[in-house]
Amino acid sequence: MSKFAKFLFKLCGIVLVLNVALFAVFFFDLDGKLLFNVVEPFLKNHYDNMERRDTLQTPYDMDKFPKYDYNT
Amino acid sequence: MNIKKTLKDFWYGKPHSAEEGGRRLGDIMEDKTGLYKHREWRGVPDTMYYFYNIWLYNYIHMVMDIMQMGGLVNFVKGVLRYRWVGQTYLPVMHWFDRGLQGMRGAALRGSAWHYRGMVSTTIRQFQRMFAADTRLHGGVQNDVYKHTIASNETVWGGMFYPWSDKFMYVPMEMIPYFVTCHVNSHTVLNYIDAVQSIGLPGDPCPMCQAEAGIFVLDDVPDYAPMVVTCNEACDASVSTSTLQDWFFDKPLYSLPMPMQFDDPLVKKYCMREIENCWKFIEDQTGVPFNWDQMVKKLEAQNELQRFEWEKWEVAANTNSYPINGVAQALYRIYQTQYGDWEIWHFCDKKVRKIMEKCVAKKINTFPQTRHRVIAWSCAPLYYSNWCTWAYNCWGLNVIINMDSLMFNMTMRTDTYEHALEDCAQYHMWAPMRRMAVGGMKHMFELWEYMEKFNCDMVAMYDQLQCKGVQGLHGLFEDEFRDRNVHAFWIPHALPDSRTVSRAEIRRLINDYMSTVMHEEPLDPSLLDFDDSMTW
Amino acid sequence: MRDLKHLIYFENLLQEANNDLVKQAKAEGKRAIGYTCYFMPEVLLDLPGCFSVRLRAPRCTSPDIATYYMSGRVCHYARSLMERALEGGYNFLDAQMATETCTATCRFQEHLEQKHLDSVKDMRIIDNDDFFCSFSDVPFKNNEIAYEHFTDQLRVHVLKELHDHFGIDTSEAAIREAVEQHNEVCRLINEIGDYRKLDNPTITGYEFHVIQLVSLVCPKQLILPYLRETAEEMKTREPDMKKEFRCKVVLAGSENDDPDFTKLIESCGARVVCDRHCYGAVESRVPIELKEGEDPVYTIAKHYLVTSNCPRFMPQDEMRARKQRIADLAKQYHADGVIVVSNKFCEYWSYERVIDTVILRRDFGLPVCSIEKEYINSASGQLRTRFQAFVESVEIKQIQEGK
Numbered sequence: 541m542s543k544f545a546k547f548l549f550k551l552c553g554i555v556l557v558l559n560v561a562l563f564a565v566f567f568f569d570l571d572g573k574l575l576f577n578v579v580e581p582f583l584k585n586h587y588d589n590m591e592r593r594d595t596l597q598t599p600y601d602m603d604k605f606p607k608y609d610y611n612t
Numbered sequence: 129m130n131i132k133k134t135l136k137d138f139w140y141g142k143p144h145s146a147e148e149g150g151r152r153l154g155d156i157m158e159d160k161t162g163l164y165k166h167r168e169w170r171g172v173p174d175t176m177y178y179f180y181n182i183w184l185y186n187y188i189h190m191v192m193d194i195m196q197m198g199g200l201v202n203f204v205k206g207v208l209r210y211r212w213v214g215q216t217y218l219p220v221m222h223w224f225d226r227g228l229q230g231m232r233g234a235a236l237r238g239s240a241w242h243y244r245g246m247v248s249t250t251i252r253q254f255q256r257m258f259a260a261d262t263r264l265h266g267g268v269q270n271d272v273y274k275h276t277i278a279s280n281e282t283v284w285g286g287m288f289y290p291w292s293d294k295f296m297y298v299p300m301e302m303i304p305y306f307v308t309c310h311v312n313s314h315t316v317l318n319y320i321d322a323v324q325s326i327g328l329p330g331d332p333c334p335m336c337q338a339e340a341g342i343f344v345l346d347d348v349p350d351y352a353p354m355v356v357t358c359n360e361a362c363d364a365s366v367s368t369s370t371l372q373d374w375f376f377d378k379p380l381y382s383l384p385m386p387m388q389f390d391d392p393l394v395k396k397y398c399m400r401e402i403e404n405c406w407k408f409i410e411d412q413t414g415v416p417f418n419w420d421q422m423v424k425k426l427e428a429q430n431e432l433q434r435f436e437w438e439k440w441e442v443a444a445n446t447n448s449y450p451i452n453g454v455a456q457a458l459y460r461i462y463q464t465q466y467g468d469w470e471i472w473h474f475c476d477k478k479v480r481k482i483m484e485k486c487v488a489k490k491i492n493t494f495p496q497t498r499h500r501v502i503a504w505s506c507a508p509l510y511y512s513n514w515c516t517w518a519y520n521c522w523g524l525n526v527i528i529n530m531d532s533l534m535f536n537m538t539m540r541t542d543t544y545e546h547a548l549e550d551c552a553q554y555h556m557w558a559p560m561r562r563m564a565v566g567g568m569k570h571m572f573e574l575w576e577y578m579e580k581f582n583c584d585m586v587a588m589y590d591q592l593q594c595k596g597v598q599g600l601h602g603l604f605e606d607e608f609r610d611r612n613v614h615a616f617w618i619p620h621a622l623p624d625s626r627t628v629s630r631a632e633i634r635r636l637i638n639d640y641m642s643t644v645m646h647e648e649p650l651d652p653s654l655l656d657f658d659d660s661m662t663w
Numbered sequence: 002m003r004d005l006k007h008l009i010y011f012e013n014l015l016q017e018a019n020n021d022l023v024k025q026a027k028a029e030g031k032r033a034i035g036y037t038c039y040f041m042p043e044v045l046l047d048l049p050g051c052f053s054v055r056l057r058a059p060r061c062t063s064p065d066i067a068t069y070y071m072s073g074r075v076c077h078y079a080r081s082l083m084e085r086a087l088e089g090g091y092n093f094l095d096a097q098m099a100t101e102t103c104t105a106t107c108r109f110q111e112h113l114e115q116k117h118l119d120s121v122k123d124m125r126i127i128d129n130d131d132f133f134c135s136f137s138d139v140p141f142k143n144n145e146i147a148y149e150h151f152t153d154q155l156r157v158h159v160l161k162e163l164h165d166h167f168g169i170d171t172s173e174a175a176i177r178e179a180v181e182q183h184n185e186v187c188r189l190i191n192e193i194g195d196y197r198k199l200d201n202p203t204i205t206g207y208e209f210h211v212i213q214l215v216s217l218v219c220p221k222q223l224i225l226p227y228l229r230e231t232a233e234e235m236k237t238r239e240p241d242m243k244k245e246f247r248c249k250v251v252l253a254g255s256e257n258d259d260p261d262f263t264k265l266i267e268s269c270g271a272r273v274v275c276d277r278h279c280y281g282a283v284e285s286r287v288p289i290e291l292k293e294g295e296d297p298v299y300t301i302a303k304h305y306l307v308t309s310n311c312p313r314f315m316p317q318d319e320m321r322a323r324k325q326r327i328a329d330l331a332k333q334y335h336a337d338g339v340i341v342v343s344n345k346f347c348e349y350w351s352y353e354r355v356i357d358t359v360i361l362r363r364d365f366g367l368p369v370c371s372i373e374k375e376y377i378n379s380a381s382g383q384l385r386t387r388f389q390a391f392v393e394s395v396e397i398k399q400i401q402e403g404k
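Protein chains in written order, with my numbering: chain C, 541 to 612; chain E, 129 to 663; chain W, 2 to 404.
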């Protein structure tokens, strides 16, 4: 068997294994389970504990902006 | 064991109805979470199509979109900073699963392309926000920031067409709030609670509450130097602008649309307001109005509208329409409100091919249809895929919905005056306005469309906090009785799944179908299941 | 303080929409024109031959049939109006000059129209052959193109309709006559209201609220003699030796045509010295200045847009200036605090109240009491507790400031 044929065989094998693995992820909803059980709780925890600006302290200047009036 | 049947089920998937030894879709879901014990086996061709052409294709293209539109670094920064992107958009394939559950053949393919269009447009917008966001770039107002225009999500994207060759517009709420509810209904609850925590009562429209809440929680990127806002569609939208103005604190132009849009007198005023808005954009950007660019974009949008009319024609007069109720509704409202964009044309081309094949071969795309349903008023955002469930469980096929029908026009581009006049008309027919909060008689256009689309049943959305629709509740009851129309109500509170749960919506439909219609479910496993924790 | 001579008469006039003075005017052959919102210029409905009635639904506590039609999840005011209409309480109306200035009242007014629906084709809510309903579009902005637009609307949807249906004289001379009468009402109300600015006011907020309301719901020509007499009476009215209140407040917020609500606040020790709400006098009793050579309809249209502080106005400068105006009113009327009220289900004021509550306190140092109420005040016990606590907090603040 030539080197190229071997390589092709190997490549097919890798593609096949990858396909089967991905199909398993797809079929058994492993992506959904990972996201639901691991990623989302982690991110929620992260967001819940983030320091946030107190938006009620945002200035409310009466004359900061002009009257946008063009009278076309 | 019947080998012949097993092989047939393996190749084609199990049949739909219980009578034929059905597929029992409710059994493949985990209790509460709605995750799949295993994804549905739709037969070899459709499962493989779903695996390769939907699941894998969309995962790959999402990554490609992110790389092309703003890059991975901006995306990661955005995920770590903003709840709405991290918590919501990562499980996007489950959104596909819920909307496409049980679909086969052309219906699966056509509907999936609609989802692809929406995902790409969503990525485009949040990546633009992150690329421009001063918070993710050390407070620097970079070139992307200076070339981005922020707007309220009810401002039609066409307002910015004249600058679309140099600037991109991104609505403040469409991605951080509106689309999130469909994909992951949990996220928005944080924003509703946030705005109520500063004293807002719980009764205003929850959609507007959430739009204000993202600002209260400081979860809106600082991505543009100016804002254009609008009064559409209702009182709460007007008031939300007031809160947003406080927290965003940027030059803001209000583009109010006249309420009495049937009155020919109001058009002149509306046209002048739009021109004023364009002056504001010229002033703020320093870039003049580009008529040629405007015409180019309007023509492109007209092309999308013409295809939509073709779709309506097929939906109304044949059984070969390959789009399910949820894909039709979401794609159409997204496309018409956001305005023209390349991906819509790409997806429409794909859908056209599928639809033309269905029509030519007279393929019955939803073969288990028992009732052709028109869905009226505003839909529950957290359960927009109820119609997929309703078809699978009861054979209720939602042919068309109110949101799809609102912008029923093309724009003239022969003269500036004509274009402006049509833009005014289009904008006054804002989402949720024309046939929901707008004039009473427009809500009752239901009967015309019901006839036009050959529907025999109405799914009447009952948005509990929409004053415009609630104000007509009794008249609809009277009319349904008087006309002897089969109609079931779907109470909900737009994004807030806590007010009326998905299970409660299903229970109401189940009750109607069994006690009023005296029908048996196609798939009894879908009658009652617990998806209380589902995205 | 000595009782006002006409107060009980005024109170009785507020018991029914179709009150004695309305009946008298109708008997004289005048047309009764209903409206709900400040944006519908009452002065144009007071042209010779007709008179304006701002709709109220006094004592309507249980709008059951209206709740069937409008559900229980819209503003109680709109439902109460609908209930009163269904009961036949507005059959005296010859026309309704409608505006879509808030969703709930818009729906109520749409219900009054002939609906052309199969199920309700025989349903005549207003049992009056002459009755019609006409909608005007009210802009959300306060600029020149809005004035011109609103002028067109009033000309076509109000004046032309009144002329075509009832032969009302809508000439410039007739409009000027109506403005003159309107301005006299404004002058008298302001004169009476200015006594609230005194250190020890010689009129209570409740009394003023009643007087202001009768000026909105009765034919102007017939109520004017009583207002004149009351204004005269006020000149010699002496305050109580001992102040009957513990602090003075501005009452701001949404629709409020219930004088008992003002009475409730005052019974808790806060004197209401300024009424910046939908039925209040701050906006509606600003005289209209007609200039020679200027189109009076344009002037009136502009007047109503310029004087309004409604939270539906959207320009950025206007949204922000509204808070400053409340602070200015507190200063002008020597108020110690502000009570901001929104009716349940009123979306405009729900939001405005949130911002007012933060900004007036933070940026203007004004104590704010933020309240949500029903159209007819049924939760008086809870509200009383809130008002009493607010009055105490204002007093504590004053003590801390050494006042």
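Ideal Cβ positions, reconstructed from N, Cα and C, are used throughout, including at glycine.
Remember, predicted model here, so these are calculated numbers, not experimental data.
Rounded C-alpha distance that separates E:LEU650 from E:GLY141 = As a position in the second sequence, residue 650 of chain E is number 522, starting the count at 1. As a position in the second sequence, residue 141 of chain E is number 13, starting the count at 1. Looking at the two C-alpha atoms, the distance is approximately 16 angstroms.
Do the stretch 354-369 of chain E and the stretch 322-336 of chain E make contact, defined as three or more Cβ pairs closer than 8 angstroms?
-> yes
Length-filtered (4 minimum) alpha helix (DSSP H) runs lying within the stretch 485-537 of chain E = 514-522, 530-533
Which chain B residues sit within Cβ distance under 7 angstroms of E:TRP374?
-> Absent from the structure is chain B; the protein chains it does hold are C, E and W.
Going along the chain, which residues of the stretch 153-168 of chain E sit with their C-beta nearer than 7 angstroms to a C-beta in chain C?
-> THR161, LEU163, TYR164, HIS166, ARG167
May I have a chain-ordered list of the beta strand (DSSP E) segments no shorter than 3 residues that lie completely inside the stretch 374-424 of chain E?
-> 380-383
Of the residues W:ILE126, W:ASP119, W:THR104, which one's Cα is nearest the Cα of W:LEU113?
-> Against the third sequence, residue 113 of chain W aligns to sequence position 112. Checked all of W:ILE126, W:ASP119, W:THR104; the closest Cα to W:LEU113 is W:ILE126.
In chain E, which residues lie with their C-beta within 7 angstroms of the C-beta of W:SER118?
-> Taking the first residue of the third sequence as position 1, residue 118 of chain W is located at position 117. In the sequence on display, residue 118 of chain W carries Leu and not Ser. Per Cβ cutoff of 7 angstroms: PHE572, LEU603, GLU607.
Quick one: grab the DSSP three-state call for W:HIS77.
-> Numbered from 1 along the third sequence, position 76 holds the residue referred to as residue 77 of chain W. Helix, per DSSP.
Check whether the stretch 24-43 of chain W touches the stretch 89-99 of chain W, counting contact only when three or more Cβ pairs, one atom from each stretch, lie closer than 8 angstroms.
-> yes
Is the CB of C:LYS573 under 8 angstroms away from at least one CB in chain W?
-> What you label residue 573 of chain C is simply residue 33 of the first sequence in a count that begins at 1. No, because no Cβ of chain W sits closer than 8 angstroms to the Cβ of C:LYS573.
Beta strand (DSSP E) runs wholly inside the stretch 127-202 of chain W, at least 3 long, in chain order | 133-137
Classify E:SER660 as helix, strand or coil using the three-state DSSP reduction.
-> Along the second sequence, one-based indexing puts residue 660 of chain E at 532. E:SER660: coil per DSSP, three-state reduction.
Distance between beta carbons of W:THR358 and E:ASP363, contact taken as under 8 angstroms = The count along the second sequence starts at 1 and reaches residue 363 of chain E at position 235. The count along the third sequence starts at 1 and reaches residue 358 of chain W at position 357. Incorrect: roughly 19 angstroms between the Cβ atoms, too far for contact.
Residue environment, C:CYS552, which counts as buried when at least 16 other CB atoms sit within 10 Å = Taking the first residue of the first sequence as 1, we reach residue 552 of chain C at position 12. Exposed is the call here.
Where does W:ALA99 fall in DSSP's three states?
-> By 1-based counting over the third sequence, the position of residue 99 of chain W is 98. The answer is strand: DSSP assigns W:ALA99 an E or B state.
Checking contacts by CB at 8 angstroms: is C:VAL579 closer than that to chain E?
-> Reading the first sequence from its first residue, position 39 is the one you call residue 579 of chain C. It does: the Cβ of C:VAL579 has a partner Cβ on chain E nearer than 8 angstroms.
Roughly how many whole angstroms lie between the Cα atoms of W:SER172 and E:THR413?
-> If you number the third sequence from 1, residue 172 of chain W lands on position 171. If you number the second sequence from 1, residue 413 of chain E lands on position 285. For W:SER172 and E:THR413, the distance between alpha carbons rounds to 47 angstroms.
Is it right to say W:ILE146 is buried, meaning 16 or more other beta carbons lie within 10 angstroms of its own, or is it exposed?
-> As a position in the third sequence, residue 146 of chain W is number 145, starting the count at 1. So W:ILE146 ends up on the buried side.
May I have the straight-line CA-CA distance separating E:HIS166 from E:SER145, to the nearest angstrom?
-> If you number the second sequence from 1, residue 166 of chain E lands on position 38. If you number the second sequence from 1, residue 145 of chain E lands on position 17. Between E:HIS166 and E:SER145, the C-alpha separation is close to 20 angstroms.
Check whether E:LYS478 and E:TRP241 have beta carbons under 8 angstroms apart | Working through the second sequence from its first residue, we reach residue 478 of chain E at position 350. Working through the second sequence from its first residue, we reach residue 241 of chain E at position 113. Cβ distance < 8 angstroms, so E:LYS478 and E:TRP241 count as in contact.
Taking only beta-carbon atoms, is C:ASP603 less than 8 angstroms away from chain E?
-> Position 63 of the first sequence, counted from the start, is the residue given in the question as residue 603 of chain C. Answer no: the Cβ-Cβ gap between C:ASP603 and chain E never drops below 8 angstroms.
For W:SER53, which three-state DSSP category applies?
-> In the third sequence, residue 53 of chain W corresponds to position 52, counting from 1. Strand.
Among residues of its own chain, excluding the 5 on either side of E:GLN255, which ones have a beta-carbon nearer than 7 angstroms to its beta-carbon?
-> Within the second sequence, the letter at position 127 stands for residue 255 of chain E. Excluding residues within five positions, the ones whose Cβ falls inside 7 angstroms are ILE194, MET197, GLY198, ASN202, PHE203.
Could I get the ranges of all uninterrupted alpha helix (DSSP H) runs contained in the stretch 323-359 of chain E, with 4 residues as the minimum, in chain order?
-> 334-344
Give a yes or no on whether the C-beta atoms belonging to E:GLN598 and E:HIS620 are separated by under 8 angstroms.
-> Here residue 598 of chain E is taken as the residue at index 470 of the second sequence, counted from 1. Here residue 620 of chain E is taken as the residue at index 492 of the second sequence, counted from 1. Going by C-beta atoms, E:GLN598 is not nearer than 8 angstroms to E:HIS620.
Closer than 8 angstroms, CB to CB, is W:ILE327 near chain C or not?
-> As a first step, residue 327 of chain W must be located in the third sequence, where it is residue number 326. So, not an interface residue.
In or out: E:HIS546 buried (at least 16 other Cβ within 10 Å) or exposed?
-> By 1-based counting over the second sequence, the position of residue 546 of chain E is 418. That one is exposed.
Taking the alpha helix (DSSP H) that E:ASP606 falls in, what are its first and last residues?
-> Counting from 1 along the second sequence, the entry for residue 606 of chain E is found at position 478. Its alpha helix (DSSP H) spans residues 601-611.
Residues of the stretch 393-412 of chain E whose Cβ lies closer than 7 angstroms to any Cβ of chain C, in chain order = ARG400, GLU403, ASN404, LYS407, PHE408
What does a CB cutoff of less than 6 angstroms around E:VAL172 pick up in its chain, not counting 5 residues either side in sequence?
-> Reading the second sequence from its first residue, position 44 is the one you call residue 172 of chain E. Excluding residues within five positions, the ones whose Cβ falls inside 6 angstroms are TRP139.
Alpha-carbon to alpha-carbon, E:ALA503 and E:PHE581 = Against the second sequence, residue 581 of chain E aligns to sequence position 453. Against the second sequence, residue 503 of chain E aligns to sequence position 375. Their Cα atoms are separated by approximately 11 angstroms.
Could you pull out every residue in the same chain whose Cβ sits closer than 8 angstroms to the Cβ of E:ASP88, ignoring the five residues on either side in sequence?
-> No statement about residue 88 of chain E is possible, as the shown extent of chain E runs from 129 to 663 and does not include it.
Taking E:ASN359 as the query, report the chain W residues whose CB atoms sit under 7 angstroms from its CB, ordered along the chain.
-> Locating residue 359 of chain E in the second sequence gives position 231, counting from the first residue. Those are PHE141, MET315, listed as they occur along chain W.
Would you kindly work out how many angstroms separate the C-alpha atoms of E:THR627 and W:ILE372, rounded to a whole number?
-> The sequence position of residue 627 of chain E within the second sequence is 499, counting from 1. The sequence position of residue 372 of chain W within the third sequence is 371, counting from 1. Taking the straight line joining both Cα atoms gives about 24 angstroms.
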